[in-house]
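K.L.:
One structure is given below, represented as structure tokens, and several questions about it will come after.
4 protein chains.
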Amino acid sequence: MGYSEEPHISGEILQVIDVGLIGYGYWGPNLARNIAESEGVRLTVIADGRPERRDLASRRHPGTTTCADAAEVIADAAVQAVIIATPLKTHHPLAKAALEAGKHVLVEKPLAASYAEASELAEIAARRGVCLMVDHTFVYTGAVRKIRALVETKELGDLLYLDSVRVNLGLFQQDSNVVWDLAAHDLAVMDHLVDARPVAVSADGTALAGYEHENIAYITVHFDNGFLGHFHVNWLAPVKVRTMLIGGSQRMLVYDDMEPSEKVRVYDKGVDFDLKDERAREQILVSYRTGDMYAPKLERREALASVVREFADAIEERRAPLTDGAAGIRVVQLLEAAERSLRAEGRRVRL
Amino acid sequence: MGYSEEPHISGEILQVIDVGLIGYGYWGPNLARNIAESEGVRLTVIADGRPERRDLASRRHPGTTTCADAAEVIADAAVQAVIIATPLKTHHPLAKAALEAGKHVLVEKPLAASYAEASELAEIAARRGVCLMVDHTFVYTGAVRKIRALVETKELGDLLYLDSVRVNLGLFQQDSNVVWDLAAHDLAVMDHLVDARPVAVSADGTALAGYEHENIAYITVHFDNGFLGHFHVNWLAPVKVRTMLIGGSQRMLVYDDMEPSEKVRVYDKGVDFDLKDERAREQILVSYRTGDMYAPKLERREALASVVREFADAIEERRAPLTDGAAGIRVVQLLEAAERSLRAEGRRVRL
Amino acid sequence: MGYSEEPHISGEILQVIDVGLIGYGYWGPNLARNIAESEGVRLTVIADGRPERRDLASRRHPGTTTCADAAEVIADAAVQAVIIATPLKTHHPLAKAALEAGKHVLVEKPLAASYAEASELAEIAARRGVCLMVDHTFVYTGAVRKIRALVETKELGDLLYLDSVRVNLGLFQQDSNVVWDLAAHDLAVMDHLVDARPVAVSADGTALAGYEHENIAYITVHFDNGFLGHFHVNWLAPVKVRTMLIGGSQRMLVYDDMEPSEKVRVYDKGVDFDLKDERAREQILVSYRTGDMYAPKLERREALASVVREFADAIEERRAPLTDGAAGIRVVQLLEAAERSLRAEGRRVRL
Amino acid sequence: MGYSEEPHISGEILQVIDVGLIGYGYWGPNLARNIAESEGVRLTVIADGRPERRDLASRRHPGTTTCADAAEVIADAAVQAVIIATPLKTHHPLAKAALEAGKHVLVEKPLAASYAEASELAEIAARRGVCLMVDHTFVYTGAVRKIRALVETKELGDLLYLDSVRVNLGLFQQDSNVVWDLAAHDLAVMDHLVDARPVAVSADGTALAGYEHENIAYITVHFDNGFLGHFHVNWLAPVKVRTMLIGGSQRMLVYDDMEPSEKVRVYDKGVDFDLKDERAREQILVSYRTGDMYAPKLERREALASVVREFADAIEERRAPLTDGAAGIRVVQLLEAAERSLRAEGRRVRL
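Chains A, B, C and D supply the protein sequences, listed in that same order.
Taking this note's numbering, the leading residue of the first sequence gets 23, the next gets one more, and so forth.
Taking this note's numbering, the leading residue of the second sequence gets 23, the next gets one more, and so forth.
Taking this note's numbering, the leading residue of the third sequence gets 23, the next gets one more, and so forth.
Taking this note's numbering, the leading residue of the fourth sequence gets 23, the next gets one more, and so forth.
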């Protein structure tokens, strides 16, 4: 499953990977801090068009060069890997240029602004034999890793639905709506957890309070096996909510990212329907099971540290990262379908 | 706005209203208890087809007659008012018979199984000059009354959206899906709070775990003024959630019915967009306001006691009750539209 | 361990026990309702000096006689068991009279106002061969029963400490302080859970806001095996808190009675000290263990129903009830010691 | 109230204060980060005996010198201010040496290990005309600043009591018990909020699970005006709790530091006792007031940033800082009294 067929010569001394960061706005500083604290990578240069951001970057990372132009980073022969933390519409041109220049590339989520763009990036990465990774941060949290493990061991039984709420007040993105901004996180988590194929997407929402893009939206995703995903994203909510309900045939769980410690709670609850007797349809037997709840211990490492680690390891081991270009494409495909549905009065869009 | 033009002769001694209750299943006992503890009404007879329910009713209400057949209650000349707490599909025939018999009628929500049925009931009530009321219980809670007051005094500004989550494990209804069972509550609350006209409804959902009716569903309601309502109802959730977010242009609130005391929290939060300068669209100014939160004191009276009180008062004062036939019709119309959308892949249904 | 040596003839048809209730104030109605809904007991008569309380009792229990004078209940030959739900200072005279009259007696907590009084009641009950039980309600909750089971199976390891907070606004008792009112509950729970002997009690507190009795108090109980109990009781708190932390050498738990469902949470957390190397005292090794948390399923039956059930069963089976006179005495002894400490500037009182 | 009578010549260009930090263990890195991000101060040198801590400090603060010996920092002529974040028993010798060397000094809480030590430090600072400040961090939080404002505007009425719970699992201090470690925070907050004089302290607790110092303790503080403070500190608790209840004659509040946003909640609740009629003592009228709750908006600045700011400003303006030597002495006096009480079976210690 590696992105390259070249053999990996083990026994070599590990090389430190020189990384260039493009974009030092909201997310860039977090990436920079985690690169700086990771082993095996070195933050060589930070690019940002705004002088005050470069000043801040310099104060915090005295050993790192800064520059105004992303092109400098991409042209820099010393830079082996580029991390892109810029507004969505710039992902594709920047990533494309970097990949074409033979750099390994990690792109902030979502990977690109369209399926076509995302696919092109993956194609270039494959052609150039470099690593393309998307920063689906939540996939790397202790919570989602644990939930994935519960899915794999069938502890939840068959997955039935996922209901996600991600709402708070702002920050409004100027170049996209709340779907591209917030739902990208949750669709990436669903993509990681559910081993089935989404077949249709619908989305409804509106631009409230005079804003030009949707700031509240609801997305529904139907899967080929009947699994149902639903997402509420909202920039106009009075409280910050980060909750997922995941229903399985054996157990159900709540993932509440606002909880300081017990973020994942697994409930031994379920319902059985006894439908055997066809004639007695009226007297369908519904039996409820209510048992213990437990909150598994979660790894506490910062998710972004794991993202940087995975990027470095994938480069080093010449393999595809956990959230590779294909994962990025799948999420962008869902986002694009949601966008189309939003423009079509919430009609279901087939994938 | 009274349902009758007959003058009300004040000064008379108040007559106690004799009430017959049809249905002593899940909700009936709560109604019976509240009738028994209310002044001005007397619980005369309880009808239920199941002997064990009649036994229980007799033990708890030693002074009340029981019978197996609802028709006996309706035919009983001593009974002036009939309360119907039976499965949905029986609402219309029972209420119709009682209204035709000249009884005042209070029906469990939703009022009937279709717009046509609901409208017929209202028409008969008007013709016979009797009171028709629907038990939209939550409208009578201290929380919703307070929220209505906040709406009326414009403390929230213009209402922008309402997002409701009502989920828990079971109880599965045998003759209807989760929309008709759970969403009826929240649509009734929205109907009570929002002074605008709904224009389109869409709904999506599915029957999970092999059940025959939808046990998870999402409903979206668009209003003529841009207001957006959204409802998540679910019988397969591991935890009980009863939360509404209501966004206003001035303030936003959270109504959490699971909170023991501070059920309503009003947040002095908002966003302003400065769009004046047309040329500077790129530099749209978004300013956030984050101020105090407060939780107003709520009336603690049991909602169902207020329902019974309102029914008695409306009969006594020969006026329409707060949740009259018209309110019942409006909610049934939304439910029916949601049902139609569910059957049409979530397509928007115009009202 | 039965209170009587008389053999119990099994196979007989169970007799219904006729119960008289003395006191229909705050707690009496709850007892009356549970007696009325229990099998094997019949609520024959309710005594209360206040006419309006008798009226209310009559309305709610149409088949039950009421009277103004407790002595009537005690003198009533048809009454086999008496339940006393009156102010603390009347517990002893009423219970004494009832026991002397050969009645089985269940007394509201605390059993009596002093160790001497409580002991006398137990002595009379033993002499007359009747059942004496104290209503330590919380001992009968699903939560405390589960915690007791966890203690018995050593799942918590050795018990180390219990920290209890029971605070809210009011209701102020007119004839006693917050210790006798609220702490009685928590001391009874500790008495039930901890298999060691308390050796010293201290208490501090004060009468705030001009009230004549202490309305805030703190109690500390030392046990012979080093176990430490601490209790915060407060009638002047803005929020209702009902929380116990229980620390064990293997696991620790939180019992939060305000939680709607997961009231008991067991944490697989602990600390180990490696003290083996005496010389290396400075380098003591502290290792923390942080594992899963789980919330066991709890029985949901109303505690008071179990209290009435236990009273009836103990009478029927001629055995001591779970919370017998001895348990009542132990709790009163702790309360009395706390009271003495309160009067002595918080000095430790040996038991 | 300045610590020096020398006139402050305004209009001068502000000098940057060169700061040396002694101790880069648990708290030191937080101080270092805040010094580095503050204006008007410069982190010149960091001392720590452990090479791996110096390495970490160097990586994070490339422009700052490190050294192994605190004496170097104190002897460094370029250093004008010294911040001490070392174990408690070293506070006094290090702070004394630094003050004698004419440095301004900020000491981690508690100021010193005894009243005598703390007083000597304050005396030297006064004599040398330099600033002595103690890092009572919580005094600088938005929450405590807001509560102090509510006290000053009499919004709570007269303060009646403060009940504090600060519990969690570990970290165990090797050179002191839980009182000196955790209670120092809460006693400092109480000292800041309450304008009355503490007159007596008692403390009880024990060393559980074989540890050598108390890891659970309860402290009670009586004030001259009847105010009561109580503190539960515990290193062996399964959950992290940081809660204060503060009762006032007009309003009461809850300060929950674990809440992500609404940390302070003010309850319009209270009790009035009508004691006027001496004869009717039995019929004392207790009336409860339950009104709205509100959560005031809090300043979100990191407390430690304000601590560093206050230290720099106090030096610059030649005035006493908010938490000066006198505040440090008062808190140490309470801690010392608590320690004495712990050694005397919880007996009250007069101040």
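From the three backbone atoms N, C-alpha and C, an ideal C-beta is built for every residue, glycine too.
As the structure is a computational prediction, the values presented were derived from the model and not from experiment.
Using the Cα positions of alanine 359 of chain B and isoleucine 351 of chain B, report the straight-line distance between them to the nearest angstrom.
P.N.:
Looking at the two C-alpha atoms, the distance is approximately 12 Å.
K.L.:
Using 8 Å as the limit for Cβ to Cβ distance, is arginine 369 of chain D near chain C?
P.N.:
With 8 Å as the cut-off, arginine 369 of chain D counts as an interface residue toward chain C.
K.L.:
Show which residues of chain B have a CB atom less than 8 Å away from the CB atom of lysine 291 of chain A.
P.N.:
Those are Leu191, Pro260, listed as they occur along chain B.
K.L.:
Report the residues of the stretch 172-192 of chain C with a CB closer than 8 Å to any CB of chain D, ordered along the chain.
P.N.:
Correct list: Leu182, Tyr183, Asp185, Val187, Val189, Leu191, Gly192.
K.L.:
Using DSSP's beta-bridge definition, name the partner residues of leucine 43 of chain D.
P.N.:
D:Ile68, D:Ile105.
K.L.:
Starting from methionine 280 of chain D, find everything on chain A with Cβ-Cβ shorter than 7 Å and list it in chain order.
P.N.:
Going along chain A in sequence order, the residues near methionine 280 of chain D (Cβ under 7 Å) are Pro282.
K.L.:
Can you say whether glutamate 145 of chain A is buried or exposed, counting buried as having 16 or more other CB atoms within 10 angstroms of its CB?
P.N.:
Glutamate 145 of chain A is exposed by the Cβ-count criterion.
K.L.:
Going by DSSP, what residue range makes up the alpha helix (DSSP H) through arginine 370 of chain A?
P.N.:
From DSSP, arginine 370 of chain A is part of no alpha helix (DSSP H); its letter is neither H nor E.
K.L.:
Could you compute how far the alpha carbon of valine 173 of chain A sits from the alpha carbon of glutamine 272 of chain A?
P.N.:
Taking the straight line from one Cα to the other gives about 11 Å.
K.L.:
Could you please tell me which residues of the stretch 45-76 of chain C, in chain order, have their CB closer than 7 Å to any CB of chain B?
P.N.:
Listed by position along the chain: nothing, the set is empty.
K.L.:
Can you list, in chain order, the residues of the stretch 79-111 of chain D whose Cβ is nearer than 7 Å to any Cβ on chain A?
P.N.:
Residues Pro84, Gly85.
K.L.:
Beta carbon of alanine 206 of chain B, beta carbon of lysine 131 of chain B: below 8 Å?
P.N.:
It is a contact, given that the beta carbons lie within the stated cut-off.
K.L.:
For glycine 269 of chain A, which three-state DSSP category applies?
P.N.:
Of the three classes helix, strand and coil, the one that applies to glycine 269 of chain A here is strand, per DSSP.
K.L.:
Using 8 Å as the limit for Cβ to Cβ distance, is alanine 317 of chain A near chain C?
P.N.:
True, the Cβ-Cβ gap to chain C drops below 8 Å.
K.L.:
By the 10 Å Cβ neighbour count, where 16 or more other Cβ atoms means buried, how is proline 318 of chain A classified, buried or exposed?
P.N.:
With 16 or more other Cβ atoms within 10 Å, it is buried.
K.L.:
For phenylalanine 194 of chain B, which three-state DSSP category applies?
P.N.:
Three-state DSSP puts phenylalanine 194 of chain B in coil, outside helix and strand.
K.L.:
With distances taken between CB atoms, is the gap from tyrosine 240 of chain C to glycine 227 of chain C smaller than 8 Å?
P.N.:
Result yes, Cβ atoms of tyrosine 240 of chain C and glycine 227 of chain C sit closer than 8 Å.
K.L.:
Of all the beta strand (DSSP E) runs that stay within the bounds of the stretch 181-225 of chain A, which reach a length of 3 or more residues?
P.N.:
Taking only runs of at least 3 residues, the beta strand (DSSP E) segments lying wholly in the stretch 181-225 of chain A are 181-191.
K.L.:
What in chain A is Cβ-close to leucine 201 of chain B, meaning under 7 Å?
P.N.:
According to the sequence provided, residue 201 of chain B is valine. The question's leucine does not apply to it. The contacting residues do not exist; valine 201 of chain B stays about 14 Å from chain A at best.
K.L.:
Answer yes or no: do valine 200 of chain B and valine 263 of chain B have a C-beta to C-beta separation smaller than 8 Å?
P.N.:
No.
K.L.:
Could you confirm whether any beta carbon from chain A is found closer than 8 Å to the beta carbon of glycine 270 of chain C?
P.N.:
Not an interface residue.
K.L.:
Sort out for me which residues DSSP pairs leucine 275 of chain C with in a bridge.
P.N.:
According to DSSP, leucine 275 of chain C bridges with C:Ile268, C:Val288.
K.L.:
Give every residue of the same chain whose Cβ lies closer than 7 Å to the Cβ of lysine 111 of chain C, excluding the five residues on either side of it in the sequence, and list them in chain order.
P.N.:
Hits under 7 Å: Ala135, Asp197.
K.L.:
Find out if the Cβ-Cβ distance for the pair valine 127 of chain C, aspartate 98 of chain C is shorter than 8 Å.
P.N.:
Going by C-beta atoms, valine 127 of chain C is not nearer than 8 Å to aspartate 98 of chain C.
K.L.:
Identify the residues that DSSP records as bridge partners of glycine 164 of chain B: which are they?
P.N.:
Paired residues: none, contrary to the question.
K.L.:
With a threshold of 8 Å between beta carbons, is leucine 320 of chain C in contact with chain D?
P.N.:
Chain D, which has no Cβ nearer than 8 Å to the Cβ of leucine 320 of chain C, makes this no.
K.L.:
Report the option in D:Ala366, D:Gly347, D:Tyr289 whose CA atom is closest to the CA atom of serine 141 of chain D.
P.N.:
When each option's Cα is compared against that of serine 141 of chain D, the closest is D:Gly347.
K.L.:
Grouping DSSP H, G and I as helix and E and B as strand, with all else coil, what is proline 51 of chain D?
P.N.:
Three-state DSSP puts proline 51 of chain D in a helix.
K.L.:
Consult DSSP for glycine 227 of chain B and reduce its assignment to one of helix, strand or coil.
P.N.:
The answer is strand: DSSP assigns glycine 227 of chain B an E or B state.
K.L.:
Tell me the DSSP secondary structure of leucine 357 of chain C in three-state form.
P.N.:
It is helical.
K.L.:
Where does threonine 87 of chain D sit, in a helix, a strand or coil, going by DSSP?
P.N.:
Strand at threonine 87 of chain D.
K.L.:
State the DSSP-derived secondary structure class of alanine 374 of chain D, mapped to helix, strand or coil.
P.N.:
An answer regarding residue 374 of chain D cannot be provided, because it is not within the stretch 23 to 373 covered by chain D.
K.L.:
Taking a contact to mean a Cβ-Cβ separation below 8 Å, would you say isoleucine 96 of chain D touches valine 41 of chain D in this structure?
P.N.:
Result no, Cβ atoms of isoleucine 96 of chain D and valine 41 of chain D do not sit closer than 8 Å.
K.L.:
Kindly list the residues whose CB is nearer than 8 Å to the CB of glutamate 122 of chain D, restricted to its own chain and excluding five residues on each side of it in sequence; keep chain order.
P.N.:
Around glutamate 122 of chain D: Ile146, Arg150.
K.L.:
Any idea which residues DSSP pairs phenylalanine 253 of chain D with across the strands?
P.N.:
Its beta-bridge partners are D:Ser186, D:Ile241.
K.L.:
Assuming isoleucine 268 of chain B and isoleucine 169 of chain B form a contact by the criterion Cβ under 8 Å, report the distance between their Cβ atoms to the nearest whole angstrom.
P.N.:
The pair is a contact, with the Cβ atoms about 7 Å apart (cut-off 8 Å).
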